[in-house]
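**Student:** My structure is below; once you've seen it, I'll send some questions.
Written out as structure tokens, the structure reads:
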């Protein structure tokens, strides 16, 4: 689809955001692979004559002059991120590096076929592109800032040179609930727990089987972790522990989750079970499935555990099975059980808001063994550091490795905010309802920009977007339409509010 004329294949309304979103969805843009999307938006902006900077990290800064009468209003940064989380349902043939997102419009909802939708934050990019194309909009000078690798490391925002920006007010478009204005967020860091594996080769020890934990809801590890949804990696560990107490087995490989900021919906291990114990293993699996269905009846009613015979060829050679040694298997299961996961502490001042949490988002095989990737979040740096310290101590006690990833700062609440006042005032006038002003446990790039740009006045807003980071992700079309109109009114109203 041409960047010069974004036309909707599915949508028949007059909101310009959705055609731009459709066009962007044809371009693969998982974190770390944003080149094509960055080039596409840069070409779009330059074709309209806007000053466009694309830096070494593929971040974009696009400048649109003020409309007539707004030349003296301070410039506004409008910010989002180019990348998305790539999650798909089991059995869905989709390559996030090459395939477009297959969109589907179902009534008032836009969703995707078997994969994440990329509304997080493709909608933010689409809003920005629509602003660039809006010829009759009234607004101050705009600095459109679109970053890369937000979903994995916030590397783009961390690498962006703040000296390139003149604005000191920023509208972040990476939120997911109409009528809710976010003004503060948690900081975070990734933690890596490495289980060293020694292999043993011995005659094929029974039947090969694939142990799967699946059917979980998953979700965003910042927004949804408070709901205490099941983590497939943790449940896999409990199942493996239950099995080792009842029968002998060997493990050839293990994996779970696809992104550290998504609660894993699926996890699996390839086992070798002695033939004489196969039925006993099946009975144990059924018991664990019943346990999990009871424990997570409210949050994950479709939780399932299964053990199915599989081909051993992928994990065996020359009639021998390459399986974890007993000591390595013990370290693996203990790690799955003990690496912290879930809400660690709730905020005492803000009801319902987690203050500190961890999410084991990825468990993957490496040449050296098994690597866990967790995302640790907290609104207090001291508690985040304490959680990381405990994780390092645990790794040391288990004889495993530990590595701390880069920290991104939290976004502190600002007592005085011109932007917040404008958003609240305009929302009240437009909707006749009060706006909710909230803090969020998820990480938002506003924290990085506020840390780099002292005095930055920032807010985060967006339309209704549900089940982010899962294949059930969807946005409400009517909410996008209302949010587009509301954003134009906010930009127009900035002239009314004194600096």
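In the numbering used here, the protein residues as written are 35 to 533.
Backbone N, C-alpha and C define an ideal beta-carbon position, used for all residues, glycine too.
1. Which class does residue 349 belong to by DSSP, given the choice of helix, strand or coil?
2. With a threshold of 9 Å between beta carbons, is residue 235 in contact with chain D?
3. Does DSSP classify residue 308 as helix, strand or coil?
4. What does a CB cutoff of less than 8 Å around residue 504 pick up in its chain, not counting 5 residues either side in sequence?
5. Over what stretch of residues does the beta strand (DSSP E) that includes residue 135 continue unbroken?
6. Straight-line CA distance for residue 460 to residue 524?
7. Tell me whether the beta-carbon of residue 71 lies closer than 9 Å to the beta-carbon of residue 114.
8. Mind checking residue 130: buried by the 16 CB within 10 Å criterion, or exposed?
9. Under the rule that 16 or more other beta-carbon atoms within 10 Å means buried, what is residue 170, buried or exposed?
10. On the criterion of 16 or more Cβ atoms from any shown chain inside 10 Å, does residue 509 qualify as buried, or is it exposed?
11. Can you tell me the Cβ-Cβ gap for residue 19 and residue 206, rounded? I've got them flagged as a contact below 8 Å.
12. Based on the DSSP output, what are the partners of residue 445 in its beta bridges?
13. Assess contact between the stretch 278–291 and the stretch 301–317, defined as three or more Cβ pairs (one per stretch) separated by less than 8 Å. Is contact present?
14. Relative to the C-alpha of residue 359, which residue among 496, 336, 515 and 306 is closest?
15. Using the Cα positions of residue 165 and residue 49, report the straight-line distance between them to the nearest angstrom.
16. Quick check on residue 600: does DSSP put it in helix, strand or coil?
17. Could you check if residue 110 is buried or exposed, using at least 16 other CB atoms within 10 Å of its CB as the buried criterion?
18. Taking the C-alpha atoms as reference points, what is the distance between residue 248 and residue 301?
19. Give the single residue among 242, 214, 485 and 213 whose Cα lies nearest to the Cα of residue 344.
20. Indicate whether the contact test is met: 3 or more Cβ pairs, each with one atom in the stretch 481–497 and one in the stretch 445–452, closer than 8 Å.
21. With a threshold of 8 Å on Cβ separation, who are the neighbours of residue 518 within its own chain once the five nearest residues in sequence on each side are excluded?
22. I'd like the span of the beta strand (DSSP E) that includes residue 84, first residue to last.
23. Could you say if the stretch 383–394 and the stretch 355–375 meet the contact criterion of at least three C-beta pairs nearer than 8 Å?
24. Is it buried or exposed for residue 531, if we count other Cβ within 10 angstroms and need 16 for buried?
25. What residue does the beta strand (DSSP E) around residue 206 start on, and which one ends it?
26. CA-CA distance, residue 208 and residue 184?
27. Along the chain, which unbroken stretches of the beta strand (DSSP E) at least 3 residues long are found entirely within the stretch 444–489?
28. Below 8 Å, can you find three or more Cβ-Cβ pairs linking the stretch 490–500 to the stretch 130–141?
29. Check this for me: beta carbons of residue 396 and residue 154, under 9 Å apart or not?
30. Assign residue 53 to one of two classes, buried (16 or more other C-beta atoms within 10 Å of its C-beta) or exposed (fewer than that).
31. Do residue 424 and residue 256 have their C-beta atoms within less than 9 Å of each other?
32. What residue ranges within the stretch 62–124 form continuous beta strand (DSSP E) runs of no fewer than 3 residues, ordered along the chain?
**Tutor:** On the basis of the coordinates in this document:
1. In this prediction, residue 349 scores a pLDDT of 45, lower than 50, which makes its location untrustworthy; the coordinate-derived value is nonetheless stated afterwards. Correct three-state label for residue 349: helix.
2. Absent here is chain D; the protein component of the structure consists of one chain.
3. coil
4. Close CB contacts of residue 504 within its chain, under the 8 Å cut and outside five residues either way in sequence, are with 121, 150, 251, 252, 253, 296 and 299 (chain order).
5. No beta strand (DSSP E) holds residue 135; DSSP gives it neither H nor E.
6. 6 Å
7. no
8. With 16 or more neighbouring CB atoms inside 10 Å of its own CB, residue 130 falls in the buried class.
9. exposed
10. buried
11. Outside the shown range of the chain (35 to 533) lies residue 19, about which nothing can therefore be said.
12. 219
13. yes
14. It is 306.
15. 11 Å
16. Absent from the structure is residue 600, since the part of the chain shown begins at 35 and ends at 533.
17. Buried: at least 16 other Cβ atoms inside 10 Å.
18. 7 Å
19. 242
20. yes
21. 49, 50, 51, 161 and 164
22. First-last for residue 84: undefined, no H or E at that position.
23. Output reads yes: the stretch 355–375 touches the stretch 383–394.
24. Under this definition residue 531 is an exposed residue.
25. 203–206
26. 10 Å
27. 470–474
28. no
29. no
30. So residue 53 ends up on the buried side.
31. no
32. As summarised for the stretch 62–124, the continuous beta strand (DSSP E) elements at least 3 residues long and confined to that stretch are 85–88, 94–98 and 110–115, given in chain order.
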